[in-house]
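Undergrad:
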Amino acid sequence: MGQARRGQHSPWSALLSHVCGILAVVVVFGLPLALQRFWPVLTYGVLKIVASAARPRSCFCPVDADGTRARRRDAIVLLVQKKRWTKLMNSLADLQAHFNACFRKDVLLFHNGDFTVADQTEVKKHYPLVQFHYLADGGKYWRVPPGLENRSAWGSTKGYSAGYRHMTRFHYKMVFEYLEERGYDWFMRLDDDSFILSCIEYDVFQFMEDNDHLYAWRLAQLEFRDFAKQLPEMADAHMRRIRAPMSHEMHSHYDGGQLSTASWDRWTYYNNFMVTRISWWRSRGIQQWLEMVDTSGIAYLSRVGDAPIQTFTRMMFM
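Sequential numbering of the sequence shown, starting at 1, is according to full-length UniProt numbering.
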């Protein structure tokens, strides 16, 4: 008793057969979906490992790298936190080895007071071109727009603190004012997880100016729709108000009809790594638009990000 006769299958054997069949179907049909979802991450990881392993320790400097043209009023800007010290130092090491040892641009590290004098001395010991710039909470460059002090009106703050929203405002508006006041003409934005892994053997800023370029970016991305809520409608209304035609580039990023949050295709510059001319952002027409964006408070009330604001600004006016 309890044993299957020869030629018959036990219930457990049949169950195992069904399970194996289901697993085979999952593997056959699920593998492509899994690859589709995780392939970009795997590819990025492999490429990053290869690039990191192959990166040169130093680069060839052009003959005129130390000439007067190289000491232009250009800035490389990072908004930094001490808790990410290791990433910051690695990023600065790559920047120095692969670009700035030759071209010697000012490197401005903006912080909110978490870097002590000793910390700053340690960084500058390794990278003498680094300057620390303190953004005081509630000061001119790190605060809410006037009239939005009542935080009860803000959108969800889960995961997006007041400091995060100040950072957004700093990047879509205040950084241009800060740098212009200090005489800079161009700036490159990096994050502490931006790593320049190969040699740049020409002056990026001089190249931009010589070729009459105003904005350069590394890549584009699809932004979360909620992170640009009402921004397309504001852009459409503003262009109608000033009677300016919609650019061909703008037309290519929404589904016809009227530009709206729903019709926009979410295409956005990944502006954590970009280069631009400061005077363009400080021109009258751009300032009027950015003042309207700022006054609306959408970065605080709706959690709109600086990347879509910068993207729409460039496509509207450049």
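Every residue gets a Cβ at the ideal spot worked out from N, C-alpha and C, and that includes glycine.
1. Starting from the Cα of PHE312, find the closest Cα among ARG303, SER302, MET250 and give me that residue.
2. Is the CB-CB distance between THR276 and TYR215 below 7 Å?
3. Inspect the beta-carbon positions of MET274 and TRP186 and report whether they are closer than 7 Å.
4. Just list the residues that DSSP pairs ALA75 with in beta bridges.
5. Alpha carbon to alpha carbon, how far is ALA153 from SER302?
6. Distance, Cα to Cα, ALA93 vs ILE196?
7. With 16 as the cutoff for other CB atoms within 10 Å, does LEU190 come out buried or exposed?
8. Does DSSP put TRP85 in a helix, a strand or coil?
9. Can you tell me whether DSSP reads VAL293 as helix, strand or coil?
10. Measuring alpha carbon to alpha carbon, tell me which of ALA235, VAL130, GLY183 ends up nearest SER279.
11. Less than 7 Å between the beta carbons of PRO145 and GLY297, yes or no?
12. Kindly give me the distance between the Cβ atoms of GLU180 and ARG282, rounded to whole angstroms, as I take these residues to be in contact under 8 Å.
13. According to DSSP, simplified to helix, strand and coil, what is ALA162?
14. In or out: ILE242 buried (at least 16 other Cβ within 10 Å) or exposed?
15. With burial defined as no fewer than 16 other Cβ atoms inside 10 Å of the residue's Cβ, what is the status of residue 355: buried or exposed?
16. Between ILE286 and the rest of its own chain, which residues show a CB-CB distance below 8 Å, the 5 nearest in sequence each way excluded?
17. Our contact map puts residue 339 next to HIS133 with C-beta atoms below 8 Å; I'd like the distance itself, whole angstroms only.
18. Go through the region 175-246 residue by residue and report every complete run of the beta strand (DSSP E) that reaches 3 residues or more, in order.
19. Tell me, please, which residues DSSP counts as bridged to VAL275.
20. Following the continuous alpha helix (DSSP H) through HIS98, name the residue where it begins and the one where it ends.
21. Are there 16 or more other CB atoms within 10 angstroms of the CB of ALA237, so buried, or fewer, so exposed?
22. Note down, in chain order, each residue of its chain lying with its Cβ closer than 6 Å to the Cβ of HIS234, except the 5 sequence neighbours on either side.
23. The alpha helix (DSSP H) that contains PHE312, what's its start and end?
24. Determine the closest residue to MET292 out of GLN230, GLN206, SER161, HIS111, with distance taken between C-alpha atoms.
25. Buried or exposed, going by whether 16 or more other CB atoms sit within 10 Å of the CB of GLY67?
26. In this structure, how does DSSP classify VAL130 when only helix, strand and coil are distinguished?
27. Based on DSSP bridge pairs, tell me the residues matched to THR268.
28. Along the chain, where does the alpha helix (DSSP H) containing HIS248 start, and where does it finish?
29. Give the C-beta separation of SER263 and ASP193 to the nearest angstrom, bearing in mind that I take them to be a contact with Cβ-Cβ under 8 Å.
30. How far does the alpha helix (DSSP H) with TYR300 in it reach, from first residue to last?
31. Might you give, ordered along the chain, the residues of its own chain that have their beta carbon closer than 6 Å to the beta carbon of LEU88, omitting 5 neighbours on each side?
32. Helix, strand or coil: which one does DSSP assign to TYR254?
TA: Here's the rundown:
1. Sequence index remark: in the sequence shown, residue 312 carries index 312 (1-based). Of the listed residues, the one whose Cα sits closest to PHE312 is MET250.
2. On the sequence shown, position 276 is the one that residue 276 refers to. On the sequence shown, position 215 is the one that residue 215 refers to. Yes, these two residues count as a Cβ contact at 7 Å.
3. Numbered from its first residue, the sequence shown carries residue 274 at position 274. Numbered from its first residue, the sequence shown carries residue 186 at position 186. No.
4. Here the question's residue 75 lines up with position 75 in the sequence shown. Answer by DSSP bridge pairing, in chain order: ASP106, PHE187.
5. If you number the sequence shown from 1, residue 153 lands on position 153. If you number the sequence shown from 1, residue 302 lands on position 302. ALA153 and SER302: Cα-Cα distance of roughly 10 Å.
6. In the sequence shown, the residue the question calls residue 93 occupies position 93. In the sequence shown, the residue the question calls residue 196 occupies position 196. In a straight line, the C-alpha of ALA93 is about 9 Å away from that of ILE196.
7. Start at 1 with the first residue of the sequence shown, and residue 190 comes out as number 190. Answer is buried; the Cβ neighbour count reaches 16.
8. Translated into positions along the sequence shown, residue 85 becomes position 85. If DSSP states are grouped into helix, strand and coil, TRP85 belongs with the helices.
9. As a first step, residue 293 must be located in the sequence shown, where it is residue number 293. Here VAL293 sits in helix by DSSP.
10. Looking up residue 279 in the sequence shown gives position 279. Cα-wise, what sits closest to SER279 is GLY183.
11. Translated into positions along the sequence shown, residue 145 becomes position 145. Translated into positions along the sequence shown, residue 297 becomes position 297. Yes, the pair counts as a contact, with Cβ atoms nearer than the cut-off.
12. Stepping through the sequence shown from its first residue, residue 180 is reached at position 180. Stepping through the sequence shown from its first residue, residue 282 is reached at position 282. Yes, GLU180 and ARG282 are in contact; Cβ-Cβ is about 5 Å, under 8 Å.
13. Mapped onto the sequence shown, residue 162 falls at position 162. Three-state DSSP puts ALA162 in a helix.
14. Along the sequence shown, read from residue 1 onward, the residue named residue 242 stands at position 242. Burial call: exposed.
15. Lying outside 1 to 318, the shown extent of the chain, residue 355 is not represented and no answer is given.
16. In the sequence shown, counting from the first residue as 1, residue 286 sits at position 286. Taken in chain order, the residues that qualify are TRP280, THR313, PHE317.
17. Because the chain spans 1 through 318 in this model, residue 339 falls outside it and cannot be assessed.
18. 186-189, 215-217, 220-222
19. Your numbering for residue 275 matches position 275 in the sequence shown. MET188, ALA216, per the DSSP bridge assignment.
20. Position 98 of the sequence shown, counting from 1, holds the residue named residue 98. That residue, HIS98, is in no alpha helix (DSSP H); it is neither H nor E in DSSP.
21. Counting from 1 along the sequence shown, the entry for residue 237 is found at position 237. Answer is exposed; the Cβ neighbour count stays below 16.
22. Along the sequence shown, read from residue 1 onward, the residue named residue 234 stands at position 234. Reading off the sequence shown, one finds Met at residue 234, where the question assumed His. Result list for MET234: empty, nothing under 6 Å.
23. Against the sequence shown, residue 312 aligns to sequence position 312. Note, PHE312: alpha helix (DSSP H), 306-317.
24. For the purposes of this step, residue 292 is taken as the residue at position 292 of the sequence shown. Closest option to MET292, Cα to Cα, is GLN230.
25. One-based indexing of the sequence shown puts residue 67 at position 67. Per-residue confidence for GLY67 stands at a pLDDT of 48, beneath the threshold of 50, marking its modelled position as unreliable; the derived number appears in the next sentence. The residue in question, GLY67, is exposed, as its Cβ has fewer than 16 Cβ neighbours within 10 Å.
26. Counting from 1 along the sequence shown, the entry for residue 130 is found at position 130. VAL130 falls in the strand class under three-state DSSP.
27. By one-based count along the sequence shown, residue 268 stands at place 268. Answer by DSSP bridge pairing, in chain order: GLN221.
28. Numbered from its first residue, the sequence shown carries residue 248 at position 248. Element bounds for HIS248: 248-251.
29. The sequence position of residue 263 within the sequence shown is 263, counting from 1. The sequence position of residue 193 within the sequence shown is 193, counting from 1. SER263 to ASP193, Cβ: 33 Å. No contact.
30. One-based indexing of the sequence shown puts residue 300 at position 300. Residues 298-301.
31. As a first step, residue 88 is located in the sequence shown; it is residue number 88 there, counting from the start. Contacts found: VAL80, ASP192.
32. Here residue 254 refers to the residue found at position 254 when the sequence shown is read from its first residue. It is a strand residue.
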